[in-house]
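Since the structure comes first, as structure tokens, the remarks are kept for the end.
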Amino acid sequence: MFLHFLIIFGLFWLQFAAVASLRLEPRHPNGASLLARIANSKSNPTTTIANSNSSPSSSNADKEKEKEKEKESEKEKEKEKEKEKEKEKEKEKEKEKEKEKEKEKEKEKEKEKEKEKEKEKEKEKSKDFQSNGLQLVATLPATLKMMIGGDTKTVQALTYDTSKNTFKAEGSTEDLGANANWLTFDKTKKFIFSTSGAKFQNKEKTGGVFSASVSGNTVKKISSSETPEAPVSVEFSPDGKSLLVASFNGGSLNTYSFSADGTISSTPQQTFKFKGSGPVKGRQGQAAAHEVKIDPTGQLLLVPDLGSDNIHSFSFANDGKLTENGAISAPAGCGPRHIEFSPDSKDTVQFYLLCELSSDLIFFELPDAKSTKATSKQVISTLPPGSKGKNTFNAAEIEITPDKKFVYTSNRQKDPAGKESDNIISAFSRDLTTGELKAAGTFPTGGKGPRQFTFSPDEAASLVFVANQDSNIVTAHKRDSNTGALKQVASTKSEAPTIITAQV
């Protein structure tokens, strides 16, 4: 009985305590009091324990999932950022490509400008003859002034009426030396320079270079200087401060300074003595420099050497002095005489070599101005097809027309039994792209021994004047600018003419 009482009392006490704790006990996060949960655990102990145990782990799992999601989200964001960065890089690359394209366009524009400048330069250069420094005019003048040198004591002055095709003698002068075999003007046309094959002041194995002022038909000597024997060509340096003289018997190249008033230095600044010989007996026993020729860029000077079958190459230093590059080899027995540079060559150097002894015209190409490794692109004879007795002919002169479309050469029949008509000028049409030549006919010069010839100073080169040394005659020929054909229209007597100039 007492035990039963204690049980009832205990249950009552527990209920009382539970009610009292409602105001005192903090509530569980899920809203149930601890006593309620204890009471509930008695009726459903398994569920209560499971709920009390699973709630924190479930929360943690959710948190982990949230964290994973956040991480995945961060990764996605990073990927997006990387993609954005890649896009930015691609954009930058595109911008760079555009910039490069713009640069290329600018370069192309600059190249075009340079090409235009080169064309303008070529036009300016084309205003000067390649042999005598005289300027071109648009149309043929009514009257031409001419000077003729030769194997005589004087240089003749002539005028030529282009409408009547007649010559008129205007006097002569000894002020350019005896045996004046080369004449050239400076670009002002105030001064004329000559090479004299006569002994300088009667000294053995010498020649001379002379300068004179020119006013109308009046020539007045300024100065003269000694050269090695038989000077045959004179040219100006690109800076216009030096004269360059080739001596045939002397086998040398000599440079002289000259002042603004045309005075030539008394002694050479530089002398280059050449050596060598060739297989043709009586003609190639020693070096024999035959011309001085400067390329259109002013970087390269070539000296054809008839005696050694070489072409001597030089470069110009900044101070105007010459540096020897070496020798370009020509075919044995060719006998290099005169040169004309191709007016169209750009990246390479191209030139035409006239061989006196073989009567061949050789088209050479150099990789650059300092190289001596020449490639022969074409060899063409200057004689008519089927010509016999090739070794009796001596080629003499080569010229290119101002329009660059034709190349002309002169050839002398040296056999006394040969016909006058064997003495010819040969015409070659010229490919303006490749520079290669095609025979366009041969034309009699109207005399014997055509040493040198020159064009009239109009752009069409309407007339060709020929110095026929062995028959003492100068002839004039009308030129067809389309076909290249020549037709003789006039002649006049002249003592052993070897060089001729024609100017306005």
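Going by mature numbering (1 follows the signal peptide of the UniProt record, and there is no 0), the letters in the sequence shown line up with residues -21 to -1, 1 to 483, in that order.
In this text, a Cβ means the ideal position worked out from N, Cα and C, and glycines have one as well.
Should ALA266 and SER287 be called a contact, given that it needs their Cβ atoms to be closer than 7 Å? yes
So, are the CB atoms of SER203 and GLY187 less than 7 Å apart? yes
Given a cut-off of 7 Å, decide if ALA439 and SER473 are closer than it, judged by their beta-carbon atoms. no
How would you label ALA396, buried or exposed, when you count the other beta carbons within 10 angstroms and need 16 or more for buried? exposed
The stretch 273 to 282 contacting the stretch 293 to 310, beta-carbon criterion three pairs below 8 Å: yes
Determine, using beta carbons only, whether ALA157 and ILE171 come nearer to each other than 7 Å. no
State buried or exposed for ALA136, treating a residue as buried only when at least 16 other CB atoms are found within 10 Å of its CB. buried
Secondary structure at GLN467, three-state DSSP: helix, strand or coil? strand
For LYS457 and THR145, the rounded distance between their alpha carbons: 13 Å
Once DSSP output is grouped into helix, strand and coil, what is the label at SER22? In this prediction, SER22 has a pLDDT of 49, which is less than 50 and means its spatial position is unreliable; what the coordinates show is noted afterwards. In this structure, SER22 counts as helix in the three-state DSSP scheme.
Starting from residue 485, trace the beta strand (DSSP E) in both directions and tell me its first and last residue. Past the boundaries of the shown model lies residue 485; the chain is included only from -21 to 483, so the question cannot be answered.
Output the boundary residues of the beta strand (DSSP E) element that contains GLU378. 372 to 379
Please state the DSSP three-state secondary structure of LYS272. strand
Report the start-end ranges of each beta strand (DSSP E) in the stretch 225 to 269 that is 3 residues or longer and not cut off at the edges. 231 to 236, 249 to 252
Give every residue of the same chain whose Cβ lies closer than 6 Å to the Cβ of GLY314, excluding the five residues on either side of it in the sequence, and list them in chain order. LEU285, CYS334, GLU335, LEU336
Over what stretch of residues does the beta strand (DSSP E) that includes GLN278 continue unbroken? From DSSP, GLN278 is part of no beta strand (DSSP E); its letter is neither H nor E.
Got a sec? Which residues, its chain only, sit under 6 Å from THR471 by beta carbon, not counting five neighbours each side? PHE146, VAL453
Inspect the beta-carbon positions of ILE307 and THR351 and report whether they are closer than 7 Å. yes
Run through DSSP, which three-state label would GLU205 get? strand
Please state the DSSP three-state secondary structure of ASP449. helix
Is ILE479 helix, strand or coil by DSSP? strand
Taking the CB atoms as reference points, tell me whether PHE320 and PRO381 lie closer together than 7 Å. no
Distance, GLU89 Cα to GLU95 Cα: 10 Å
Using 10 angstroms around the beta-carbon of ILE436, count the other beta-carbons present and answer buried if the total reaches 16, otherwise exposed. Note that residue 436 is Pro in the sequence shown here, rather than Ile. Buried, since its Cβ has 16 or more Cβ neighbours within 10 Å.
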